[in-house]
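Just so you know, we're using my numbering here: the sequence shown kicks off at 44 and counts up by one.
Think of the CB as a built atom: it goes at the ideal place given N, C-alpha and C, for glycine as much as any other residue.
Here is the structure we will look at.
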Amino acid sequence: MRRAFLRFEHLCTQTAWLGACAMLLVAVSLGVFQVITRFVLEQPAEWTEVLIRFSLIWMVFLGIPAAFRQGAMVSVDVLYRWSPPGLRRVLDAVVALAALTLVGIILWWGWDYANRGKVQTMIGLESVSMFWAYLAMPVGAGFSVLGIVGAFLDPRRLELETAQ
Numbered sequence: 044m045r046r047a048f049l050r051f052e053h054l055c056t057q058t059a060w061l062g063a064c065a066m067l068l069v070a071v072s073l074g075v076f077q078v079i080t081r082f083v084l085e086q087p088a089e090w091t092e093v094l095i096r097f098s099l100i101w102m103v104f105l106g107i108p109a110a111f112r113q114g115a116m117v118s119v120d121v122l123y124r125w126s127p128p129g130l131r132r133v134l135d136a137v138v139a140l141a142a143l144t145l146v147g148i149i150l151w152w153g154w155d156y157a158n159r160g161k162v163q164t165m166i167g168l169e170s171v172s173m174f175w176a177y178l179a180m181p182v183g184a185g186f187s188v189l190g191i192v193g194a195f196l197d198p199r200r201l202e203l204e205t206a207q
């Protein structure tokens, strides 16, 4: 069961990570397009600014699960290094519970916020609902729950290994 969950979590975290990379690519491409249209063609495309902003928001929320999974999100390095091995697992549980609480709040209120934003439209893209922009919070939080549980079941301390 544990192995099956970790495989599923790995697939979901990789999907979120690829989504975050895609959103960064979208933001960069739109930024280049905006510079060309504004300064070369002297015909600015106002819609690119709002899409850049929302693609960066999606990038952040989709990148958070990978940070949790790598053990790089909540940094308690000093306390972890000074703790005896038996206490480290307790520390992992406390950090996981605190992170799950925060992510649960983001998931709950993010979904509520996205639903309330259905009636709003994006500035510059009046045909697109703000629901799609606000949906980044619950989607990222959902992926983060899997990453947090995966990090608790199979901890990786990449920031501890590379710290000086």
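Buried versus exposed, by CB contacts within 10 Å (16 or more), residue i
| i | result |
| --- | --- |
| residue 141 | exposed |
| residue 128 | exposed |
| residue 157 | buried |
| residue 146 | buried |
| residue 110 | buried |
| residue 87 | exposed |
| residue 68 | exposed |
| residue 132 | exposed |
Assigned secondary structure, residue i (DSSP; H/G/I helix, E/B strand, else coil)
| i | result |
| --- | --- |
| residue 170 | strand |
| residue 165 | strand |
| residue 200 | coil |
| residue 68 | helix |
| residue 88 | coil |
| residue 176 | helix |
| residue 57 | helix |
| residue 44 | coil |
| residue 194 | helix |
| residue 184 | helix |
| residue 114 | coil |
| residue 108 | helix |
| residue 126 | coil |
Residue i vs residue j beta-carbon contact at 9 Å
| i | j | result |
| --- | --- | --- |
| residue 149 | residue 183 | yes |
| residue 106 | residue 60 | yes |
| residue 189 | residue 80 | no |
| residue 101 | residue 47 | no |
| residue 199 | residue 123 | no |
| residue 172 | residue 160 | yes |
| residue 40 | residue 85 | This structure does not reach residue 40, given that the chain is present from 44 up to 207, and the question cannot be answered. |
| residue 95 | residue 74 | yes |
| residue 104 | residue 180 | yes |
Would you check if there are 3 or more beta carbon pairs closer than 8 Å linking the segment 48–62 to the segment 178–194? Counting Cβ pairs under 8 Å, three or more are found: they touch.
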